[in-house]
Every structure is written in structure tokens, then in C-alpha cells.
Amino acid sequence: MSLIEWNDAFSVGIQKIDEQHKKFFSITNLLFDSMRGAQDREVIGSVLKELQQYVVYHFKAEESLMKMYNYPNMNAHKQEHDGAIHIVNKLVLDYERGIHTVDIELLKFLSDWIQSHILQVDRKYIPYVRGKV
Ligand SMILES: [Fe+2]
Ligand SMILES: [Fe+2]
125 MSLIEWNDAF
135 SVGIQKIDEQ
145 HKKFFSITNL
155 LFDSMRGAQD
165 REVIGSVLKE
175 LQQYVVYHFK
185 AEESLMKMYN
195 YPNMNAHKQE
205 HDGAIHIVNK
215 LVLDYERGIH
225 TVDIELLKFL
235 SDWIQSHILQ
245 VDRKYIPYVR
255 GKV
């Protein structure tokens, strides 16, 4: 069983972005599997790093699309992204220092954040970029 599963409700109608969101789901599921499989710290730590890098990559891609098509709420959207980057950076640091572990609460938080961000925040730029990309 996966923690989060993709369905068409998550589609923003832009193939490149949908693929990136699917990749997010798969990294989150991989983190879930590593936790359940009681993988050692290094394995879990490397999945966390992958998530951290992908977050930055995806947010940059989305922000450049929004900029290109003059999306009017770009600043508020970017603030949401920056907040998430901050949380993930802290998570990686805390994990490396042994202050935090990867547990089900954390995974629930991550999967809820990703899902609600796509459904409530990302979807709002659809009318501004769809059909133009
Ligand atoms: Fe976004
Ligand atoms: Fe997104």
C-alpha cells in the first residue's frame, strides 16, 4: 500500500508539472517504504535529501512558468514554496543531527501538504498557463 496515490483530480493539465507532482508522490512513498522497512539511517537520510533537492527543482520550474505568464498571485504562491523549503531544510538538518526521526506523523504532514498545495494553490495558476505551455 502506498501512502499517497495519484489520481486525475491532481492534474493541473500541464504534462511537465503533472510528471513532477507524480515524482513528489513517489519520493514520499519511497520515504514511507523506507520507514516501514526500518531501513538504516543512511538510506532514509538519502531519500530525505532527494526530497529536499526535488522540492527546490520543482518550485523553481513552477515559479518560472508563473513568471513567464505573468500569474498575478505569484508572490503569495512563492511564499508558500519558501515556507515549505524552510521546513524541509530544517527537517534534513534535524534528521542529520539526530534530533528528529522520520515517523508516520511526519509522513502524514508531508503528504497532506503536497496534496493540499496541489489542490488549493497550484490549481489556481491553471487558467493562466494552460494551453500556453
Ligand atoms: Fe506550487
Ligand atoms: Fe507544484
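Heads up: the sequence shown runs through residues 125 to 257, numbered per my numbering.
Every residue, glycine too, gets a C-beta built ideally from N, C-alpha and C.
DSSP places HIS224 in the coil class of the three-state scheme, outside both helix and strand.
Here MET125 carries a coil assignment [DSSP, helix/strand/coil]. Under the DSSP assignment, ILE250 falls in the alpha helix (DSSP H) whose first and last residues are 250-253. DSSP places ASP142 inside the alpha helix (DSSP H), whose first and last residues are 139-160.
Under a 10 Å Cβ-count criterion, VAL257 is classified as exposed, with fewer than 16 other Cβ atoms of the shown protein chains found around its own Cβ. The Cβ-Cβ distance between GLU220 and LYS202 does not fall below 8 angstroms.
With respect to ALA200, VAL179 sits apart: the two C-beta atoms are not nearer than 8 angstroms.
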